[in-house]
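Written out below as structure tokens is the structure these notes cover.
There are 2 protein chains.
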Amino acid sequence: MDEGPAAEQAPHRVKRVSMADVARLAGVSSQTVSRVSNGHAGVVPDTREQVLEAMRELGYRPNSAARALKRGEFRTIGVVLFTLSTTGNVRTLEAIASSAAEEGYAITLLPVAAPTHDEVRGAFTRLGELAVDAFIVIMEVHLLDAATVALPPGVQVAVADSNAGDRYSVVDTDQAGGAGTAVRHLLDLGHRTVWHLAGPEESFAAQRRADTWRAALTDAGRPVPPMIRGDWSADSGYRAGLRLAEEPDCTAVFAANDQMALGLLSALHEKGRAVPEEVSVVGFDDIPEAGSFLPPLTTVHQDFAEVGRRLVQGVLRQLRTESAEPGTTLVPTRLVERASTAPPPAPRQRSGKAV
Amino acid sequence: MDEGPAAEQAPHRVKRVSMADVARLAGVSSQTVSRVSNGHAGVVPDTREQVLEAMRELGYRPNSAARALKRGEFRTIGVVLFTLSTTGNVRTLEAIASSAAEEGYAITLLPVAAPTHDEVRGAFTRLGELAVDAFIVIMEVHLLDAATVALPPGVQVAVADSNAGDRYSVVDTDQAGGAGTAVRHLLDLGHRTVWHLAGPEESFAAQRRADTWRAALTDAGRPVPPMIRGDWSADSGYRAGLRLAEEPDCTAVFAANDQMALGLLSALHEKGRAVPEEVSVVGFDDIPEAGSFLPPLTTVHQDFAEVGRRLVQGVLRQLRTESAEPGTTLVPTRLVERASTAPPPAPRQRSGKAV
DNA sequence: GTGCGGTATGTTTACGTAAACATCATGATT
DNA sequence: AATCATGATGTTTACGTAAACATACCGCAC
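Quick mapping for you: the protein sequence lines, in order, are chains A and B.
Start counting the first sequence at 1; every next residue gets the next number (the numbering used here).
Start counting the second sequence at 1001; every next residue gets the next number (the numbering used here).
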């Protein structure tokens, strides 16, 4: 049987070992092999051992396509995202992957080249044909809207970075809580008001942080300085910093993420504005490097791991109950105080043209 | 046909639409549906339109499990990696994902919890059962060795961050070229020698960079200072920086990655050692934030996108030719000069106890 | 010893797709 | 008019697995 005539037929393609091959070698039916393979009861130890031995000898590996076809499930979750260039996405993805692995699920990545409606729609179409039981979307909601039409029915979805809690199961960091804490921290330190270096308009998270910043100032009866827009990059933070350095009134800045805070720090240093003595800076994210910035950055810590975990759990629960669970779950943040914040320079005069 | 008796049988499970359903509605055979679905010729426009209409109406999506079973391929590449916490891995993964997408392949992620032999072996076993045609491994070679036994035969592999070019198809950044350029840049600036802040021992890339650093100094007839070991993190760079700040002879440091360089910068600043006036620092990677460090970091740029692209192309080529292609492909680097390097402080005296 | 319950194992079938082969009409060629 | 190539479409089959059903065998109760 080792050198059967069939062995010659396809020299170029490695014929995979199937249950039938194992069955033949072990002298049992393929159903018995299936039972052993799936750990079902009702196989006498003697037979089981024979089958296992045959599997080992032939190097049998179950064919997942056939298995999926039979079972009707792939044990795989698709993850749609735009980019791996933001810390948040990467960390969330990492958490999703490990949570999924714990549940015996694999992750299939579906990168979307550009955040345009067409691209997103295309991605969803492909995802629909993909070997995936459910998926998790990490992107801005307004793009998701456009793609809704293409959302394959019956496939469960969970979403991050979005406010679509009315239609989907959304898990997100408590943006408002975090931003509020950041602003209040600066106010408590004695700053008259707080400037804001915001993320890009398209980002729900950025918008949420900005809204909260404005509300926190208004609630405290403080003036609201003009908002500055960045694009999450350190570079945009640098450019913003050059502008802010020119504002003598600016003693405190809340940056919407740590990368922009880094650029900001760089620009302030270049312009001779000392942090935190003259200007206090707070970031958002708490990336691992934040503690090594100059000065070490006070920032809002996001628990991306928890977001990822809940995303996976949510989508699996939906899968099991066969029902959607719209609603939003918020993961709390916490402020990590380091060395980039301090009380404002001096009991300044109103018009503040001193120095 | 809309309200057939079969409609009631399974209220809880969404019965997926199959080719047969489409065929019935369109009044053709399922083979014709298959032909339309795969864009084969030999279907009259009239019929084709009818089929497409039926597909649309029923929301037909091909079942990828059945397709994979029939075709014997999944059009999916598995990616094994330890962590998404290093820039290199993330950027490489991103490039892999988009290159693969261009070729019509999806990416399945297989995170390995801990870099132990058991974990790796387990990961490979799982990967063997996964719906994957080939895979790409991003990890240290000595761990790959242990797992070789479990490598499913007939499945093609490409590897990054390894020197296993004799057995696998390896694609890597030209570590030696990059490290050599970095060291020579500092030497050319007039520094007597260059210190090295190395990455962790397990990393092939770290080892390679360290070896090259040593060789470059030796070639130039310069003394080789003791090597300092970090673990890629900014934190370890900070700790190393505290030590280096105590070395009056140290005027130039080559850090094995940008994160460690960041920590180093932070420590040097804290200790009052000016960069680049007193100490020059060169990094490796050129992460997007490197330009915003204080001072902006001179570093070796790695083309991760190219590495990812070649990895995918390599593995697909192997898949098509059904043959392994051991060998190593090196992707060139280039030095990005920013503001963290300068000539050494002064024409110092030999014993250098000045200042 | 006949029948019965239970267990170990074998046989049939279906999952959805697509290759291979079969059929049928149409119109051109003899 | 008979033949044949051509193109459009239908029918059969196989991919590898696992559920459902079938069978064979064992020991025990009557």
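Ideal Cβ positions, reconstructed from N, Cα and C, are used throughout, including at glycine.
Keep in mind it's a predicted model, so treat the numbers as computed, not measured.
* Asked: Does the distance from the C-beta atom of A:ASP258 to that of A:THR298 stay below 8 angstroms?
  -> no
* Whose C-beta lies closer than 7 angstroms to the C-beta of A:THR374 among residues of the same chain, with five residues either side of it excluded? -> Residue 374 of chain A is absent from the structure shown; chain A starts at 1 and stops at 355.
* Among A:THR193, A:GLY59, A:PHE74, which has the Cα closest to the Cα of A:VAL224? -> A:THR193
* Asked: How do the segment 1215–1231 of chain B and the segment 1179–1197 of chain B stand: do at least 3 beta-carbon pairs fall below 8 angstroms, yes or no?
  -> yes
* In whole angstroms, what separates the C-alpha of A:VAL149 from that of B:VAL1017? -> With a pLDDT of only 46 at A:VAL149, under 50, the local geometry of the prediction cannot be trusted, and no value is derived from it.
* Asked: DSSP state of B:ALA1134, grouped into three classes?
  -> strand
* Asked: How about A:TYR60: is its C-beta nearer than 8 angstroms to some C-beta of chain B?
  -> no
* Pick out whichever of A:PRO111, A:GLU94, A:LEU109 has its Cα sitting closest to the Cα of B:VAL1112. => A:GLU94
* Asked: Of all the CB atoms in chain A, is at least one closer than 8 angstroms to the CB of B:TYR1105?
  -> Chain A has no Cβ within less than 8 angstroms of the Cβ of B:TYR1105.
* What span of residues does the beta strand (DSSP E) with B:GLY1221 cover, start to end? -> Following the DSSP letters along the chain, one finds B:GLY1221 in no beta strand (DSSP E), marked with neither H nor E.
* Excluding five sequence neighbours on each side, which residues of the same chain lie with their C-beta closer than 6 angstroms to the C-beta of A:LEU84? -> Exclusion of the five residues before and after A:LEU84 leaves VAL90 as the residues of its chain whose Cβ lies within less than 6 angstroms of its Cβ.
* **A:ARG229 and A:ALA198 closer than 8 angstroms at C-beta** => yes
* Who are the Cβ neighbours of B:ASP1062 in its own chain at under 7 angstroms, not counting the five residues just before and after it? -> It is worth fixing the name first, because residue 1062 of chain B is Pro in this sequence and not Asp. Cβ neighbours of B:PRO1062 beyond the five flanking positions: SER1037.
* Evaluate contact between the segment 16–32 of chain A and the segment 42–59 of chain A, counting only Cβ atoms and requiring at least three cross-stretch pairs below 8 angstroms. => yes
* Please report the Cβ distance between A:VAL336 and A:VAL171, rounded to the nearest whole angstrom; I am assuming they are in contact, meaning their Cβ atoms lie under 8 angstroms. => The beta-carbon distance between A:VAL336 and A:VAL171, rounded to whole angstroms, is 22 angstroms. This is too long to meet the 8 angstroms contact definition.
* Taking the alpha-carbon positions, what's the A:VAL159 to A:ALA215 distance? -> 26 angstroms
* Proximal residues to B:ARG1035 (C-beta, below 6 angstroms), its chain only, five neighbours per side dropped -> VAL1043
* Own chain, CB closer than 8 angstroms to A:ALA234, minus 5 neighbours either side, in chain order -> Around A:ALA234: GLN259, MET260, LEU262, GLY263, SER266.
* Verify the CB distance criterion: does B:GLY1039 have a CB-CB separation below 8 angstroms to chain A? => No, its Cβ sits nowhere closer than 8 angstroms to a Cβ of chain A.
* To do: Please check the pair B:THR1212 and B:ALA1179, which I expect to be a contact at CB under 8 angstroms, by giving their CB distance rounded to whole angstroms.
  => Cβ atoms of B:THR1212 and B:ALA1179 come within 8 angstroms of each other, at about 4 angstroms.
* Within-8 angstroms CB hit, A:PRO111 to chain B -> yes
* In terms of alpha-carbon separation, which member of B:VAL1033, B:CYS1250, B:ALA1339 lies closest to B:GLN1050? -> For B:GLN1050, the nearest C-alpha among the options comes from B:VAL1033.
* Use the C-beta contact count for B:THR1341: other C-beta atoms within 10 angstroms, 16 or more gives buried, fewer gives exposed. => Burial call: buried.
* Asked: Name the chain A residues that come within less than 9 angstroms of B:LEU1319, Cβ to Cβ?
  -> Residues of chain A passing the Cβ test: none, with the nearest at roughly 11 angstroms.
* If you count every other CB in all the chains shown that lies within 10 Å of the CB of B:VAL1355, and 16 or more means buried, which is it? -> Note that B:VAL1355 has pLDDT 41, beneath the 50 cutoff, so the model's placement of it is unreliable and the number below is only indicative. Label assigned to B:VAL1355: exposed.
* Should A:ALA114 go down as buried or exposed, given a rule of 16 or more other Cβ atoms within 10 Å for buried? -> When all chains shown are included, A:ALA114 counts as exposed.
* Asked: When the cut-off is 8 angstroms and only beta carbons count, does A:ALA65 lie next to chain B?
  -> yes
* Secondary structure at A:TRP195, three-state DSSP: helix, strand or coil? -> strand
* Asked: Would you report the Cα separation of A:GLY291 and A:GLU277, rounded to the nearest angstrom?
  -> 18 angstroms
* Proximal residues of chain A, C-beta to C-beta of B:GLU1094 below 8 angstroms -> Under the 8 angstroms cutoff, chain A gives THR83, LEU84, SER85, PRO111.
* Which value, in whole angstroms, describes the spacing of the CA atoms of B:ALA1023 and A:THR76? -> 29 angstroms
* What residues in the segment 1258–1286 of chain B bring their beta carbon closer than 8 angstroms to a beta carbon of chain A? -> GLN1259, LEU1262, GLY1263, LEU1265, SER1266, HIS1269
* Going by C-alpha distance, which of B:GLU1202, B:ALA1252, B:GLY1078 is nearest B:VAL1312? -> B:GLY1078
* So the alpha helix (DSSP H) A:VAL17 belongs to, where does it begin and stop? -> Run containing A:VAL17: none; DSSP gives neither H nor E here.
* Within the same chain, show all residues whose beta-carbon is closer than 7 angstroms to that of A:ALA20, passing over the 5 residues directly before and after it, in chain order. => The beta carbon of A:ALA20 sits closer than 7 angstroms to the beta carbons of SER30 from its chain, once the five residues preceding and following it are set aside; these are given in chain order.
* Listing by chain order, which chain B residues have their CB less than 8 angstroms from the CB of A:PRO326? -> Correct list: empty, because the minimum Cβ distance to chain B is about 18 angstroms.
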